[in-house]
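Per my numbering, numbering through the sequence shown is continuous, rising by one, with the last residue being 338.
The beta-carbon is built from N, C-alpha and C at its ideal position, and this holds for glycine as well.
One structure is given below, encoded as structure tokens.
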Amino acid sequence: MILNAGCKIELTAMSTAPLVLMLRPLSGGAQQVNASFVQVEPPTSLRDYTDTFGNSCQRLILEAGPSTITATCTVAVADMIDADPQAGLMLVSGLPDEVLQYLLPSRYCPSDMMLADAQKIVGQALPGYGQVDAINQWIKRKVRYKYGVSNASTTALETLKKRKGVCRDFAHLGISLCRSLGMPARMVSGFLYELDPMDLHAWFEVYVGGRWFTIDPTQKEPRGNRIVLAYGRDAADIAFLSEYGPIQMGSLQAWVNLA
């Protein structure tokens, strides 16, 4: 399937403010980018660079006053996400170098404090994808999707206790539980076709059986038609907008349509 997706961000800079955006998808994995544009009004120069996780980032400086950032893309994506109940847990010695960092605790994912909880959740599930699926199903059953109960500092441990949150919280919880059991897990930001209500979205991926698998506990059934914008250890690494000056955020509109 080919999707047209994008977002429009209204914001006001109180004074000159440097920004870093992560709004340009890259080809790879299950997606092929046909076109991608980031525009700023009033116009200002953009400089692209690649971060340490391989994501495309855009640097710019806003002058004081209101601005509008519009990002659009056309991307060919997979209609379905893969699953493999036979994908097993890999020994650390066999993991690729670039995957090792996704075993470690991170700012919002204190996996070193969640092993006992993870063991209870997975029970006798087979190590590897079997445990991943057990975690995914447990989050779907036990954690309620609810706005306003978490914020930018909420960790996976807090979500585990509250049993409430939004897509970011669901992803942090799943990542932490998987890492605690020795499975590399990373956070993903992007677009999901027919997400309701439409917004920028977050989910996670787990590395078992020698490859990454997409997991999204916010959805009742596995769904493809996703556009990946960025990968990282947690939300701190994949913010769609990072400001380094006084910014007042306004509206955010997102859309995903068939091309």
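Next on the checklist: I'd like to know whether the C-beta atoms of residue 258 and residue 168 end up nearer to each other than 8 angstroms.
Outcome noted: no
Checklist entry - Can you give the beta carbon distance from residue 317 to residue 255, rounded, assuming they're within the 8 angstroms contact cut? => result About 16 angstroms; that fails the 8 angstroms criterion.
Checklist entry - Exposed or buried, which one is residue 404 when buried takes at least 16 other CB atoms within 10 Å? => result Since the first and last residues shown for the chain are 80 and 338, residue 404 lies out of range.
Checklist entry - What do you get for residue 172, buried or exposed, if any count of 16 or more other CB atoms within 10 angstroms of its CB means buried? => result exposed
Next on the checklist: Going residue by residue through the segment 251-310, where are the continuous beta strand (DSSP E) segments of at least 3 residues, counting only ones entirely within it?
Outcome noted: 264-271, 280-287 and 290-294
Item to check | CA-to-CA distance, residue 218 to residue 242, given in whole angstroms | outcome: 8 angstroms
Checklist entry - Quick one: any contact between the segment 155-164 and the segment 91-104, if contact means 3 or more CB pairs under 8 angstroms? => result no
Checklist entry - Do the CB positions of residue 300 and residue 292 come within less than 8 angstroms of each other? => result no
Item to check | For residue 111, three-class secondary structure by DSSP | outcome: Reduced to three states, the DSSP call for residue 111 is strand.
Item to check | residue 87, DSSP secondary structure in three states | outcome: strand
Checklist entry - Do you know whose CA, among 146, 129 and 124, lies nearest residue 344's CA? => result Within the shown structure, residues of the chain are numbered from 80 to 338, placing residue 344 beyond reach of any answer.
Next on the checklist: Let's see if you can read the secondary structure: which residues bound the alpha helix (DSSP H) around residue 220?
Outcome noted: 208-221
Item to check | CA-to-CA distance, residue 124 to residue 223, given in whole angstroms | outcome: 42 angstroms
Checklist entry - Exposed or buried, residue 85, counting other C-beta atoms within 10 Å across all chains shown (16 or more means buried)? => result Label assigned to residue 85: buried.
Checklist entry - Would residue 237 be called buried (16 or more neighbouring beta carbons within 10 Å of its own) or exposed? => result buried
Checklist entry - When DSSP labels each residue in this structure, what does residue 225 get in the three-state scheme? => result Looking at residue 225 - three-state DSSP - the assignment turns out to be coil, as it is neither helix nor strand.
Item to check | Cβ-based neighbour list, residue 204, same chain, cut-off 8 angstroms, excluding 5 preceding and 5 following | outcome: Short of 8 angstroms from the beta carbon of residue 204, and not among the five residues preceding or following it, lie these beta carbons of its own chain, in chain order: 210, 212 and 213.
Checklist entry - Are the segment 304-322 and the segment 260-280 in contact at 8 angstroms, needing three or more beta carbon pairs? => result For the pair of segments examined, the segment 304-322 was found to touch the segment 260-280: the number of CB pairs separated by less than 8 angstroms reaches three.
Checklist entry - Does the pairing of the segment 95-107 with the segment 121-136 give three or more beta-carbon distances under 8 angstroms? => result yes
Next on the checklist: Just to confirm before moving on: does the CB-CB distance between residue 113 and residue 153 stay below 8 angstroms?
Outcome noted: yes
Item to check | Spatially closest choice to residue 309 from 229, 110 and 277, by CA coordinates | outcome: Nearest C-alpha to residue 309: 110.
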